[in-house]
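Enquirer: Which chain is which? The protein sequence lines are A and B, in order. Counting in the working numbering, the first sequence runs from 121 upward without gaps. Counting in the working numbering, the second sequence runs from 66 upward without gaps. Heads up, the beta-carbon is just placed ideally off N, CA and C, and yes, glycines get one too. Just passing along the structure, written as structure tokens.
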Amino acid sequence: NKTWPEIRDKLREWRKDHVRCSEKIVELGEYALAHYSSHLGNEKWAVYEQLCVAALDLCPGKMKVVNRCIQKLAEQFPSSLRVSMLEGLKSEYLKKWDDALEMYNSMIEYEPTFPAPYKRKVSIYKAQGKIPEAVSELNTYLDTFSCDHESWLELTDLYIGQQCYKQALFCVEELLLQHPHNHLFHQRYADILHTLGGKENLEASCKYYCKAAELNSSNVRALYGVLMSSSTLASIGKISAKVKSDHQTLAAWACDMIEEYYKAQRVDKSVIVETASVLDKLSLK
Amino acid sequence: MTTEVQLSLRAYAKILSHVVQYPYTAVNGVLLTVATDDDDDVVEGNKDEDRRIDIVDAVPLFHYNISLTPMLTVALTQIEEYASNRSLKIAGYYHANEYCNDSEVGFVAARIADKIVENCDEGCMLIVNNELLNHL
Chain A
121 NKTWPEIRDK LREWRKDHVR CSEKIVELGE YALAHYSSHL GNEKWAVYEQ
171 LCVAALDLCP GKMKVVNRCI QKLAEQFPSS LRVSMLEGLK SEYLKKWDDA
221 LEMYNSMIEY EPTFPAPYKR KVSIYKAQGK IPEAVSELNT YLDTFSCDHE
271 SWLELTDLYI GQQCYKQALF CVEELLLQHP HNHLFHQRYA DILHTLGGKE
321 NLEASCKYYC KAAELNSSNV RALYGVLMSS STLASIGKIS AKVKSDHQTL
371 AAWACDMIEE YYKAQRVDKS VIVETASVLD KLSLK
Chain B
66 MTTEVQLSLR AYAKILSHVV QYPYTAVNGV LLTVATDDDD DVVEGNKDED
116 RRIDIVDAVP LFHYNISLTP MLTVALTQIE EYASNRSLKI AGYYHANEYC
166 NDSEVGFVAA RIADKIVENC DEGCMLIVNN ELLNHL
């Protein structure tokens with residue numbers, strides 16, 4: 121019940137933003153290729169590729185779709201690296217790890233500047249539970265492709281999952297260098313510092329939470345982070361009265377900002393009351 | 066002494082909804098049971114008796130960077146407040162691993178579960194059996 125331009129635009133939007141809504145993509149993609157093939161023109165090859173990847177997500181039910189897409193694309197683009205990628209993905213789905221690795225390694229040898237096969241190798245190691253190998257492979261990839269922020273995020277996650285927080289911090293530092301105005305990266309950095317703990321890390325985490333809140337005043341997690349870190353700093357160790365007072369002022373400010381945020385959302389009054397109680401507890405009152 | 070865990074339909078549905086909404090990442094959350102006036106007696110009660118925990122509700126927590134502590138602390142404080150206003154209490158933790166063939170209790174899951182359960186009179190941890198999800 122969508123019009124042709126709507127279908128085409130929706131598929132384009134999902135391709136551009138790399139949205140992984142595989143069921144919808146398969147439904148719309150199959151419909152578009154069946155009914156609007158001539159309208160699509162050369163765009164249909166991109167749709168075949170998009171449909172193939174989405175169908176793999178829905179396998180085993182959609183394996184026929186996968187095979188048909190690969191066949192059509194291989195006919196149109198013989199010896200294409202992108203078609204080889206799809207065959208590699210299919211091998212990965214079938215858990216034929218050695219076949220897939222062989223495919224990706226030969227692609228890397230043939231065209232070392234094509235980033236996709238490196239990342240698939242990391243995914244294979246992850247799927248096999250070989251996290252140290254995945255980390256090593258991803259580090260090698262990032263030595264060359266150091267502007268790939270998604271990969272830095274992936275490596276951060278791998279390190280956090282292994283409790284290697286110092287290495288995770290290094291990855292987020294790379295992200296912060298490349299994207300200094302992204303409030304989520306500042307918040308992530310602060311979260312890791314806070315997890316590590318200790319006075320110096322808490323002081324640093326407080327600063328990064330403040331920066332995140334400054335960049336985006338709707339980042340409630342950053343505000344909670346300011347509250348938690350400043351409250352803890354106000355109560356640990358030997359600190360001067362002024363320092364303690366500064367921390368408490370900051371904590372109070374964070375409480376006010378959080379309360380204001382909830383009030384602006386027009387939530388139920390009971391939520392406001394509950395939140396006030398939560399804020400009291402987190403302020404270590 | 067054995068502990069039997071009974072999961073309400075509501076809790077079960079919420080856990081599965083959480084898992085299905087984020088199939089590509091690990092997810093976790095907190096389990097709630099009814100708080101009774103007998104709670105103060107539990108510790109003094111007979112530790113050799115068979116016990117039963119009735120999980121009536123589940124509260125989803127995260128689906129990303131599960132093991133970072135500050136937001137976990139905030140979330141648990143919020144849930145405690147929520148629970149105490151509704152005669153409920155925290156009774157456990159649920160966790161679903163990232164990979165579809167991994168239903169083991171990982172280090173992260175164990176650590177968070179320990180932290181949550183140490184503050185419960187009786188607590189449990191549920192791990193979603195990812196391999197069975199395909200049969201749904």
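Can you list, in chain order, the residues of the stretch 122-151 of chain B whose Cβ is nearer than 7 Å to any Cβ on chain A?
Expert: So the close ones are Asn130, Ser132, Leu133, Thr134, Pro135, Met136, Thr138, Val139, Thr142, Gln143, Glu146, Tyr147, Asn150.
Enquirer: Could you check whether B/Leu126 and B/Gly171 sit closer than 7 Å to each other, using their CB atoms as the reference points?
Expert: Contact flag unset, no.
Enquirer: Expressed to the nearest angstrom, what Euclidean distance is found between the alpha-carbon atoms of B/Tyr148 and A/Arg240?
Expert: Tyr is not the amino acid found at residue 148 of chain B; the sequence shown has Ala there. Approximately 44 Å, taken between the alpha carbons.
Enquirer: Please report the residue range of the beta strand (DSSP E) in which B/Cys189 lies.
Expert: From DSSP, the beta strand (DSSP E) with B/Cys189 extends over 189-192.
Enquirer: If you draw a straight line from the C-alpha of B/Asp167 to the C-alpha of B/His160, how long is it?
Expert: Those two C-alpha atoms are separated by around 11 Å.
Enquirer: Starting from the beta carbon of B/Tyr158, find every residue of chain A whose beta carbon is closer than 9 Å, and list them in chain order.
Expert: What B/Tyr158 touches in chain A: nothing, since even the nearest Cβ is about 17 Å away.
Enquirer: From the DSSP output, which residues share a beta bridge with B/Val99?
Expert: Paired residues: B/Leu153.
Enquirer: Just how far apart, CA to CA, sit A/Ile127 and A/Cys141?
Expert: Near 14 Å, if we compare the C-alpha coordinates of A/Cys141 and A/Ile127.
Enquirer: How is the beta strand (DSSP E) around A/Gln283 delimited, first residue to last?
Expert: Element bounds for A/Gln283: n/a, residue is neither H nor E.
Enquirer: Which word fits A/Lys389, buried or exposed, when buried means at least 16 other C-beta atoms lie within 10 angstroms of its C-beta?
Expert: Exposed is the call here.
Enquirer: Find the residues of chain A that neighbour B/Val84, judging by a C-beta separation of less than 9 Å, and give them in chain order.
Expert: Within 9 Å Cβ-Cβ: nothing; B/Val84 doesn't reach chain A, min ~16 Å.
Enquirer: Could you give the DSSP three-state label for A/Asp263: helix, strand or coil?
Expert: If DSSP states are grouped into helix, strand and coil, A/Asp263 belongs with the helices.
Enquirer: So, under 8 Å CB-CB, B/Val193 and B/Ile80 are touching, yes? Tell me the CB distance rounded to an integer number of Å.
Expert: That belief holds up - the Cβ atoms of B/Val193 and B/Ile80 are roughly 7 Å apart, short of 8 Å.
Enquirer: So, helix, strand or coil for B/Pro125, using DSSP?
Expert: It is a strand residue.
Enquirer: Closer than 8 Å by C-beta to B/Arg75: which residues in its own chain qualify, once you throw out the five before and the five after it? Chain order, please.
Expert: Result list for B/Arg75: Val121, Asp122, Ala123, in chain order.
Enquirer: Which residues of the stretch 174-198 of chain B have a Cβ closer than 7 Å to any Cβ of chain A? Give them in chain order.
Expert: Of all residues in the stretch 174-198 of chain B, none has a Cβ within less than 7 Å of some Cβ in chain A.
Enquirer: From what residue to what residue does the alpha helix (DSSP H) around B/Glu69 run?
Expert: Premise fails: B/Glu69 lies in the beta strand (DSSP E), 68-72, not in any alpha helix (DSSP H).
Enquirer: For the stretch 341-368 of chain A, list the alpha helix (DSSP H) runs that are entirely contained and at least 4 residues long, ordered along the chain.
Expert: Taking only runs of at least 4 residues, no alpha helix (DSSP H) segment lies wholly in the stretch 341-368 of chain A.
Enquirer: Roughly how many whole angstroms lie between the Cα atoms of A/Thr260 and A/Leu209?
Expert: Going from the Cα of A/Thr260 to the Cα of A/Leu209 covers about 21 Å.
Enquirer: Is there a Cβ from chain B that is less than 7 Å from the Cβ of A/Met67?
Expert: Because residue 67 of chain A is not part of the residues shown, which for chain A are 121 to 405, the question remains open.
Enquirer: Rounded to whole angstroms, what's the CA-CA distance from A/Leu160 to A/Leu153? Just pull it up for me.
Expert: Their Cα atoms are separated by approximately 8 Å.
Enquirer: Label A/Pro237 either buried or exposed according to how many other C-beta atoms from any shown protein chain fall within 10 Å of its C-beta, with 16 as the threshold for buried.
Expert: Counting Cβ neighbours within 10 Å, A/Pro237 comes out buried, since at least 16 surround it.
Enquirer: Which same chain residues, not among the five before or five after A/Tyr156, have their C-beta less than 8 Å away from its C-beta?
Expert: Trp124, Ile127, Arg128.
Enquirer: Would you check if the stretch 309-319 of chain A and the stretch 328-340 of chain A touch, i.e. whether three or more CB-CB distances between them fall below 8 Å?
Expert: Verdict: yes, contact present.
Enquirer: What alpha helix (DSSP H) runs, 4 residues minimum, are completely inside the stretch 128-183 of chain B?
Expert: With a minimum length of 4 residues, the continuous alpha helix (DSSP H) runs that stay inside the stretch 128-183 of chain B are 134-149, 172-182.
Enquirer: Let me know if A/Ile356 comes out buried or exposed under the rule of 16 or more other beta-carbons within 10 Å of its beta-carbon.
Expert: By the 10 Å Cβ count, A/Ile356 comes out exposed.
Enquirer: Starting from B/Thr115, find everything on chain A with Cβ-Cβ shorter than 8 Å and list it in chain order.
Expert: The sequence shown places Asp at residue 115 of chain B, not Thr. The premise fails here: B/Asp115 is roughly 35 Å from chain A at the closest Cβ pair, so nothing lies under 8 Å.
Enquirer: Could you tell me the alpha carbon to alpha carbon distance between A/Thr233 and B/Leu137, rounded to whole angstroms?
Expert: Each residue's Cα considered, the two are about 41 Å apart.
Enquirer: I believe A/Cys189 touches A/Tyr168 by the beta-carbon criterion, under 8 Å. Please report the beta-carbon distance rounded to the nearest angstrom.
Expert: Yes, they are in contact, since the Cβ atoms of A/Cys189 and A/Tyr168 sit about 5 Å apart, within 8 Å.
Enquirer: State the DSSP-derived secondary structure class of B/Gly94, mapped to helix, strand or coil.
Expert: DSSP places B/Gly94 in strand when its eight states are reduced to three.
Enquirer: When the Cα atoms are used, what is the spatial distance from B/Glu187 to B/Leu72?
Expert: Distance between the alpha carbons of B/Glu187 and B/Leu72 is about 15 Å.
Enquirer: Using a Cβ-Cβ cut-off of 7 Å (strictly less than) and excluding sequence neighbours within five positions of A/Met227, which residues of its own chain qualify?
Expert: Correct list, in chain order: Leu201, Ser204, Phe234, Pro237.
Enquirer: Would you call the CB atoms of A/Leu176 and A/Val186 closer than 7 Å?
Expert: Yes, the pair counts as a contact, with Cβ atoms nearer than the cut-off.
Enquirer: Taking 7 Å as the limit between beta carbons, can you name the residues of its chain near A/Arg132, skipping five residues before and five after?
Expert: Excluding residues within five positions, none has a Cβ falling inside 7 Å.
Enquirer: Is B/His117 helix, strand or coil by DSSP?
Expert: Reading off the sequence shown, one finds Arg at residue 117 of chain B, where the question assumed His. Strand at B/Arg117.
Enquirer: From the DSSP output, in three-state form, read off A/Gly208 for me.
Expert: Here A/Gly208 sits in helix by DSSP.
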